[in-house]
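Report on the structure given below.
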Amino acid sequence: MKNSAGTHRRRKILLLGIIFALTIGGLSACKENESGVKFLCSEEEKVCAKWQKTFTAKTGIPTSYLRLPTAEALARLQGESDNPSFDLWVGGPMENYAVAASQGLLEKIDAQLNSEDIPAAWKSEYYFGVYASILGICVDEQLLADRKLALPKSWADLAKIDYHGQIVASSPLTSGTAYTLLWTYHQLYGEEAKNKITPLYQNIIRLTHSGTAPADVVRSGEAPIALSFTPYCETGAEKLKIIYPKEGTGYEVGAAGIIRGAKHFQTAKIFLQWLLSAQGQEIPRAFLPQIPINQRLPGNIQEVLENTQIKVISPEPYLAAAKRKDYLTWFSTEIWGKAKQDKTKLEKAQDSTLKTRVKTSSPQIAESKWGESGEEHKVAASLNYIQYRERKTAPARETMSAPAAKFPGIVSKAADRVGKKD
Amino acid sequence: MSKSRLSLSRLAFSTLANPLKILFMQFRSQIERYFPSLLRGISFFNLVFAFIILVFIPISFGLFAQVVSHTKADEHIGIPQLNTVINALFASFILALSSASLAVAWGAVQALAVRLLPRKIGLILDFLILSPIAFPPVIIGGAYHNWVLWGEKIYPFNLFLPDNFFGISALICTYTVSLTPLNYFCVRAMLSRIRPELLDSLNLLGFHGWELFKIMVLPRLSTGISLGFFLTFALVVSDPLTPTFLGGNTLNAAELAWLQVSAFGNHRMSALLSLAFLVPWGIIVLVLIYKFKRSPLAFFSAAEQKYQENGKTQRRFTLSRPVGSQKNLFLLIPVVFYIFFVGFAEAMIFTKGWKYFHTLNFQVIGNTLVFALIATILALILAFSGVVWRKRTTLVDLLFLLVSFIPPAALGGAYYLLYGDLRNTYTSAQTLLIILTNLSIAAPLTYFSILALGALISSSTIEAAAVLGASPLRIAYTLFISQLRQYFGLTLMIVTIMSTVMSAPLMWLVNSDVPIVLPRFYRLLDHAQYGPAFAMVTVMFLINAIFLGISLSGLDPRFKRGKKKW
Numbered sequence: 001m002k003n004s005a006g007t008h009r010r011r012k013i014l015l016l017g018i019i020f021a022l023t024i025g026g027l028s029a030c031k032e033n034e035s036g037v038k039f040l041c042s043e044e045e046k047v048c049a050k051w052q053k054t055f056t057a058k059t060g061i062p063t064s065y066l067r068l069p070t071a072e073a074l075a076r077l078q079g080e081s082d083n084p085s086f087d088l089w090v091g092g093p094m095e096n097y098a099v100a101a102s103q104g105l106l107e108k109i110d111a112q113l114n115s116e117d118i119p120a121a122w123k124s125e126y127y128f129g130v131y132a133s134i135l136g137i138c139v140d141e142q143l144l145a146d147r148k149l150a151l152p153k154s155w156a157d158l159a160k161i162d163y164h165g166q167i168v169a170s171s172p173l174t175s176g177t178a179y180t181l182l183w184t185y186h187q188l189y190g191e192e193a194k195n196k197i198t199p200l201y202q203n204i205i206r207l208t209h210s211g212t213a214p215a216d217v218v219r220s221g222e223a224p225i226a227l228s229f230t231p232y233c234e235t236g237a238e239k240l241k242i243i244y245p246k247e248g249t250g251y252e253v254g255a256a257g258i259i260r261g262a263k264h265f266q267t268a269k270i271f272l273q274w275l276l277s278a279q280g281q282e283i284p285r286a287f288l289p290q291i292p293i294n295q296r297l298p299g300n301i302q303e304v305l306e307n308t309q310i311k312v313i314s315p316e317p318y319l320a321a322a323k324r325k326d327y328l329t330w331f332s333t334e335i336w337g338k339a340k341q342d343k344t345k346l347e348k349a350q351d352s353t354l355k356t357r358v359k360t361s362s363p364q365i366a367e368s369k370w371g372e373s374g375e376e377h378k379v380a381a382s383l384n385y386i387q388y389r390e391r392k393t394a395p396a397r398e399t400m401s402a403p404a405a406k407f408p409g410i411v412s413k414a415a416d417r418v419g420k421k422d
Numbered sequence: 001m002s003k004s005r006l007s008l009s010r011l012a013f014s015t016l017a018n019p020l021k022i023l024f025m026q027f028r029s030q031i032e033r034y035f036p037s038l039l040r041g042i043s044f045f046n047l048v049f050a051f052i053i054l055v056f057i058p059i060s061f062g063l064f065a066q067v068v069s070h071t072k073a074d075e076h077i078g079i080p081q082l083n084t085v086i087n088a089l090f091a092s093f094i095l096a097l098s099s100a101s102l103a104v105a106w107g108a109v110q111a112l113a114v115r116l117l118p119r120k121i122g123l124i125l126d127f128l129i130l131s132p133i134a135f136p137p138v139i140i141g142g143a144y145h146n147w148v149l150w151g152e153k154i155y156p157f158n159l160f161l162p163d164n165f166f167g168i169s170a171l172i173c174t175y176t177v178s179l180t181p182l183n184y185f186c187v188r189a190m191l192s193r194i195r196p197e198l199l200d201s202l203n204l205l206g207f208h209g210w211e212l213f214k215i216m217v218l219p220r221l222s223t224g225i226s227l228g229f230f231l232t233f234a235l236v237v238s239d240p241l242t243p244t245f246l247g248g249n250t251l252n253a254a255e256l257a258w259l260q261v262s263a264f265g266n267h268r269m270s271a272l273l274s275l276a277f278l279v280p281w282g283i284i285v286l287v288l289i290y291k292f293k294r295s296p297l298a299f300f301s302a303a304e305q306k307y308q309e310n311g312k313t314q315r316r317f318t319l320s321r322p323v324g325s326q327k328n329l330f331l332l333i334p335v336v337f338y339i340f341f342v343g344f345a346e347a348m349i350f351t352k353g354w355k356y357f358h359t360l361n362f363q364v365i366g367n368t369l370v371f372a373l374i375a376t377i378l379a380l381i382l383a384f385s386g387v388v389w390r391k392r393t394t395l396v397d398l399l400f401l402l403v404s405f406i407p408p409a410a411l412g413g414a415y416y417l418l419y420g421d422l423r424n425t426y427t428s429a430q431t432l433l434i435i436l437t438n439l440s441i442a443a444p445l446t447y448f449s450i451l452a453l454g455a456l457i458s459s460s461t462i463e464a465a466a467v468l469g470a471s472p473l474r475i476a477y478t479l480f481i482s483q484l485r486q487y488f489g490l491t492l493m494i495v496t497i498m499s500t501v502m503s504a505p506l507m508w509l510v511n512s513d514v515p516i517v518l519p520r521f522y523r524l525l526d527h528a529q530y531g532p533a534f535a536m537v538t539v540m541f542l543i544n545a546i547f548l549g550i551s552l553s554g555l556d557p558r559f560k561r562g563k564k565k566w
């Protein structure tokens with residue numbers, strides 16, 4: 001009896017001990033670093049962690065970070081503008097920094113930080129570029145072959161009905177990568193961009209929150225094609241085939257800046273200074289084949305763009321920032337807000353539209369009708385429309401896709417250009 | 001010398017200690033005298049305080065204040081137009097209606113069917129049917145999604161399987177399978193109130209078949225069905241994660257509301273959407289008040305009855321004979337189908353999850369359990385506060401019922417708008433917010449579960465103790481401790497399941513890198529990392545199974561017989 005009572009007591013003590021240990025362990029694990037630099041990171045998780053560890057090891061300054069997709073990070077900054085909980089924002093396409101700066105969410109950077117090592121196109125008085133990645137099409141060739149589909153070679157190919165339900169991309173509402181895709185279309189097709197990209201969105205089976213996720217979704221076998229920055233496709237368990245669309249593609253310049261009202265302003269500046277250095281800029285290249293911006297480093301973005309055969313379009317962050325609201329509102333209303341059409345319906349719509357074309361006696365009349373009737377948007381959603389538009393507008397587009405080497409000095413003239421374009 | 005010093009110190013101690021002891025005794029006698037009133041007072045304070053913090057202030061000051069206040073909403077990016085919002089609400093309500101209707105029908109038929117079976121088989125079926133409730137709907141959907149991907153590669157299966165498991169039909173299928181157990185439990189708890197001796201009496205009076213069903217079963221069935229339907233509706237309409245991953249481009253109001261705070265930072269639109277979620281809740285409130293006026297709510301008044309069988313006292317969790325329905329074995333077909341469907345999902349989760357066991361982050365699981373533990377203690381205090389007051393008025397039932405029907409997405413918006421700034425000013429405040437969200441969902445469920453499964457100490461035992469001279473404090477202490485021990489496992493299981501399964505209101509308040517289970521699911525699934533997500537949910541399922549064992553061993557005396565408790 002006594003023995004049983006003793007065992008019972010021991011069990012109770014053991015149970016209490018486990019609960020106590022769990023409580024202490026759990027709470028200490030959740031305790032966040034209240035001192036030191038805190039940065040919002042919109043880069044790949046591994047890169048964020050490496051930045052944190054390396055900087056702390058080098059300087060002894062305690063550092064912590066929160067990884068958020070770019071658009072979510074921007075929303076977070078907007079939400080807590082009165083009392084920011086972070087000192088820095090690192091990673092994510094530069095146009096989002098332009099938006100943040102225009103809304104007064106970023107601090108000005110000292111002249112000391114405004115280093116000559118960064119090309120003028122990729123710095124402003126509020127932020128500068130850290131790394132660059134080119135947008136591309138990532139393909140699981142085996143899965144594509146299993147589904148008896150040809151390798152897509154262009155944006156136009158991806159809009160074909162054959163690729164319905166075969167593409168994964170991120171949502172522009174949460175991801176900076178996705179907005180780079182939208183902006184690339186804008187640069188390629190101007191005001192036609194929304195009509196052009198609608199059939200592509202109709203083919204997308206899943207919109208992820210994070211821009212780094214589509215490549216992982218393809219690796220899991222859910223779909224054969226991902227639209228993402230190509231470094232995310234080159235790493236990981238399975239390397240995906242990368243295709244650069246023949247019409248041309250855009251690229252991001254991942255930036256960094258100090259948040260207005262940062263509680264650790266001086267240490268934040270030290271962190272930025274370090275990001276300018278070779279060590280800070282090489283870290284993304286070590287994990288992902290991202291390209292450093294610092295022009296003293298070999299293989300920097302200037303060198304890559306001058307030597308590449310890929311048709312690359314300069315992202316023009318100021319213009320991209322100015323059009324961002326328009327495009328996201330359009331996306332949330334016209335793409336995200338519309339129920340997905342199934343393949344059969346799309347094929348039927350395509351057939352009926354093709355019949356209309358056959359009935360029309362003169363192709364020129366048909367073309368002018370499509371161009372002027374305002375029905376393009378509806379037709380584009382259901383038709384293999386890109387090929388038709390390509391034939392119609394091909395010469396004009398050649399001039400729009402700017403050669404990579406010709407970087408416009410957009411920083412000083414940005415405001416004027418926004419006015420002219422809009 | 002030393003001896004005299006010792007005696008002096010003893011004298012001094014006794015001189016000081018005795019008056020203190022007398023004071024303590026007097027205080028204790030006063031406490032014991034006024035204990036029942038004191039207990040009711042504290043309970044009343046608990047209930048009112050909790051209601052104000054968890055519901056009243058967030059909804060009134062968080063939502064209404066934000067809607068009427070002037071904000072520069074137009075400056076925000078990605079504001080959906082009014083027709084998009086209306087379409088999203090319409091689509092979500094249709095999804096919730098269809099999923100809840102299917103889930104309630106399937107759950108009710110199964111609850112009726114299982115009552116036909118012997119107790120032992122019934123217990124096994126209870127476990128199998130209730131088991132999906134421990135999995136988040138998005139994980140169940142993920143399992144089916146993986147089955148479809150697997151089946152596409154294999155010859156005869158690819159002829160029957162769809163191209164992919166996405167869209168509105170995938171969502172309805174996922175919610176139906178995931179939330180049928182909730183309806184099953186509600187109907188089962190109601191049906192368990194039917195006393196066998198009453199049925200015998202009705203049989204003797206000449207009532208059989210449909211008449212008996214109409215008189216005895218149907219009223220309880222309809223109560224269980226309505227309760228399950230409202231709960232399912234509130235849960236489906238509030239879930240932002242499952243439509244995000246499985247809905248394709250299907251518009252969803254909860255996702256829209258969540259994005260307003262997580263991606264757009266648009267407080268006003270978030271408040272408006274949260275209020276829109278409260279519209280169906282308002283209708284439910286009116287219906288309940290109307291019903292309450294007609295006849296007091298006695299949904300959960302009867303505890304699980306004890307009965308004598310073979311000279312031994314049994315707690316009737318499942319009935320050993322058919323009650324209120326004929327022995328129609330066709331009723332078992334939905335049970336077989338359900339177990340088949342659930343088996344498919346769970347098989348995928350366990351088999352795929354097991355391979356990724358090495359990827360588990362035990363810190364994430366440990367934190368979730370710690371927060372669940374703290375919320376459990378608070379939920380038990382609230383539930384017992386309700387139980388103490390319940391003898392006087394069924395208003396407490398109504399209060400808990402209304403809180404449980406509030407769509408968690410509306411609470412998410414309200415909490416974000418009221419308490420969201422806390423996480424910015426002091427990052428560790430996230431801990432408090434996690435516990436708050438766990439508590440808001442778990443407290444009503446704990447209350448109803450305790451009532452549905454009944455009090456283990458009979459009133460005759462309490463009366464006997466009073467006759468033998470035990471003070472009210474002593475009786476209450478005994479009652480509380482024994483009840484606490486019995487219900488701790490059950491409550492811990494409920495809270496842990498809720499913190500694993502319910503994405504709202506938690507996802508409105510936590511950062512995506514907080515090391516607890518739900519945000520981790522979100523990140524893993526966004527990257528299609530199904531294996532690690534399945535591994536994590538498998539471990540959580542095993543932990544919940546242990547809690548279930550603990551609660552069953554306390555609740556059902558059957559487990560205590562013999563050498564082994566199991």
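One line per chain: the protein sequences are A and B, in this order. If you read the first sequence in this note's numbering, its first letter stands for residue 1, the second for the next number, and so on. If you read the second sequence in this note's numbering, its first letter stands for residue 1, the second for the next number, and so on. By construction, the Cβ of each residue, glycine as well, lies at the ideal position given by its N, Cα and C atoms. Given the structure is predicted, the values throughout are model-derived calculations rather than measurements.
- Excluding its 5 nearest sequence neighbours in each direction, Q302(A) has C-beta neighbours in its own chain below 8 Å: P119 and Q295, listed in chain order.
- Note that the C-beta distance between L275(A) and V47(A) is not below 8 Å.
- Around the C-beta of E43(A), 16 or more other C-beta atoms lie within 10 Å, and the residue is accordingly described as buried.
- Not flagged as an interface residue toward chain B: S314(A), since no C-beta distance is shorter than 8 Å.
- Taking C-beta atoms as the reference points, W155(A) and A320(A) fail to come closer than 8 Å.
- Under the Cβ criterion (8 Å, minimum of three pairs), the region 252–270 of chain A does not count as touching the region 188–208 of chain A.
- Closer than 8 Å at the C-beta level to chain A, one finds these residues of the region 528–545 of chain B: A528, Q529 and Y530.
- For K38(A), the uninterrupted beta strand (DSSP E) segment begins and ends at V37 to C41.
- Assignment of beta-bridge partners to S170(A) by DSSP yields T208(A).
- In the three-state DSSP reduction, P118(B) falls in the coil class, being neither helix nor strand.
- Three or more Cβ pairs drawn from the region 205–224 of chain A and the region 521–529 of chain B lie within less than 8 Å of each other, which places the two stretches in contact.
- With its beta carbon less than 8 Å from one in chain A, S262(B) belongs to the interface.
- Taking C-alpha positions only, D216(A) is separated from F128(A) by approximately 29 Å.
- Interface annotation for the region 207–240 of chain A against chain B: L207, T208, H209, S210, T212, A213, D216, V217, R219, S220, G221 and E222, criterion Cβ-Cβ distance under 8 Å.
- At a cut-off of 8 Å, the C-beta of N511(B) has a neighbouring C-beta in chain A.
- Note that the C-beta distance between L202(B) and M190(B) is not below 8 Å.
- Under the DSSP definition of a beta bridge, I243(A) partners with I137(A).
- Annotated as proximal: E45(A) and R67(A), with beta-carbon spacing under 8 Å.
- In this chain, the alpha helix (DSSP H) harbouring P219(B) covers L218 to S238.
- Taking C-alpha positions only, L89(B) is separated from S332(A) by approximately 15 Å.
- A255(A): member of the beta strand (DSSP E) spanning T249 to I258, first to last residue.
- For R219(A), the closest alpha carbon among the candidates P62(A), Q273(A) and L240(A) is that of L240(A).
- The C-alpha of Q290(A) lies about 14 Å from the C-alpha of K50(A).
- At least one beta carbon of chain B lies nearer than 8 Å to the beta carbon of Q78(A).
- In the DSSP annotation of this structure, T174(B) is not part of any beta strand (DSSP E); the continuous alpha helix (DSSP H) holding it starts and ends at I168 to L191.
- If you ignore the 5 residues before and after L256(B), its C-beta comes within less than 6 Å of the C-beta of A88, all in its own chain and listed in chain order.
- Within the region 197–215 of chain B, contact with chain A at the beta-carbon level (separation under 8 Å) is assigned to no residue.
- M348(B) sits buried, since 16 or more C-beta atoms from the chains shown fall within 10 Å of its C-beta.
- Those residues of the region 183–208 of chain A placed with their C-beta closer than 9 Å to a C-beta in chain B are Y201, Q202, I204, I205, R206, L207 and T208, ordered along the chain.
- Within the region 431–450 of chain B, those residues whose Cβ lies closer than 7 Å to any Cβ of chain A are, in chain order, T431.
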